[in-house]
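Colleague: This is the structure I have questions about; it appears just below.
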Amino acid sequence: MLLRAPRPDGTPAVLLQHRAVWSHQGGTWGLPGGARDSHETPEQTAVREAHEEAGLPAERLAVRAAVVTAEVSGIGGTRWTYTTVVADAAELLHTVPNRESTELRWVGENEVGDLPLHPGFAASWQRLRTAPATVPLGRGDERLRRLPRTVEIEAGVFVWCMPGDAGPASSQPNPRINSLLRALT
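Note that full-length UniProt numbering has the sequence shown beginning at 1, numbered continuously upward.
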């Protein structure tokens with residue numbers, strides 16, 4: 001699960017797992033996650049694994065999207081996919097690592113690439129990261145309660161929406177801002 005939460009300045013942090021040395025690609029940083037059971041959706045798997053590997057309660061997670069980041073063909077026509085579930089938390093949550101992690105850490109989104117990343121995560125990171133977007137909302141606007149958060153603006157393209165000053169009404173509304181406002185309703 002690619003879990004984002006706002007730092008004190010409102011910018012996004014991502015929860016990363018420093019993988020135990022004995023695990024596949026041990027010593028690298030990646031996302032908490034694991035294998036999907038046959039009866040689960042990718043979203044259900046991600047929420048379960050976030051609880052198992054990081055002690056995160058399901059009710060504190062808001063799933064935003066599921067993105068297939070890798071597909072592999074196997075013997076006899078079998079196929080498997082790697083799906084990254086994108087989610088948000090309203091705040092930086094307390095984590096409890098299990099034996100698969102040497103550390104769990106909230107890392108500023110702009111600092112993720114500075115760490116030695118698991119190769120699979122590194123290959124998809126640029127695609128999954130957000131661009132910042134300030135959404136102009138007035139003080140009484142109920143949508144303020146929903147920010148900051150991740151918004152998928154088109155398939156697999158994400159922005160981190162933060163509230164901004166609505167300012168004076170514009171005679172030429174920005175179509176991008178209007179689409180973000182619609183996504184928040």
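We put the CB at the ideal spot given by N, CA and C, even for glycine. Please read all numbers here as calculations on a predicted model, not as lab measurements.
Using CA atoms only, rank isn't needed, just tell me which of L117, G120, E100 and A133 is closest to S23.
Modeller: Stepping through the sequence shown from its first residue, residue 23 is reached at position 23. Ranking L117, G120, E100 and A133 by Cα distance to S23 puts E100 first.
Colleague: Please state whether the Cβ-Cβ distance between G55 and T95 is less than 9 Å.
Modeller: Counted from its first residue, the sequence shown places residue 55 at position 55. Counted from its first residue, the sequence shown places residue 95 at position 95. Cβ atoms of G55 and T95: closer than 9 Å.
Colleague: Taking only runs of the alpha helix (DSSP H) that begin and end inside the UniProt domain "Nudix hydrolase" (1–128), which ones reach a length of at least 4 residues, in chain order?
Modeller: As far as the UniProt domain "Nudix hydrolase" (1–128) is concerned, its whole alpha helix (DSSP H) runs of at least 4 residues are 42–54 and 119–128.
Colleague: Do the segment 34–48 and the segment 60–76 touch if we need at least three Cβ pairs shorter than 8 Å?
Modeller: Because the criterion of three Cβ pairs below 8 Å is met, the segment 34–48 and the segment 60–76 touch.
Colleague: Where A58 and H118 are concerned, what is the direct C-alpha to C-alpha distance, given to the nearest angstrom?
Modeller: Residue numbering aside, residue 58 sits at position 58 when the sequence shown is read from its first letter. Residue numbering aside, residue 118 sits at position 118 when the sequence shown is read from its first letter. For A58 and H118, the distance between alpha carbons rounds to 25 Å.
Colleague: Roughly how many whole angstroms lie between the Cα atoms of L128 and D141?
Modeller: Taking the first residue of the sequence shown as position 1, residue 128 is located at position 128. Taking the first residue of the sequence shown as position 1, residue 141 is located at position 141. Whole-angstrom Cα-Cα distance: 29 Å.
Colleague: Applying the 10 Å Cβ sphere with the 16-neighbour rule, what's the burial state of P12?
Modeller: Position 12 of the sequence shown, counted from the start, is the residue given in the question as residue 12. Under this definition P12 is a buried residue.
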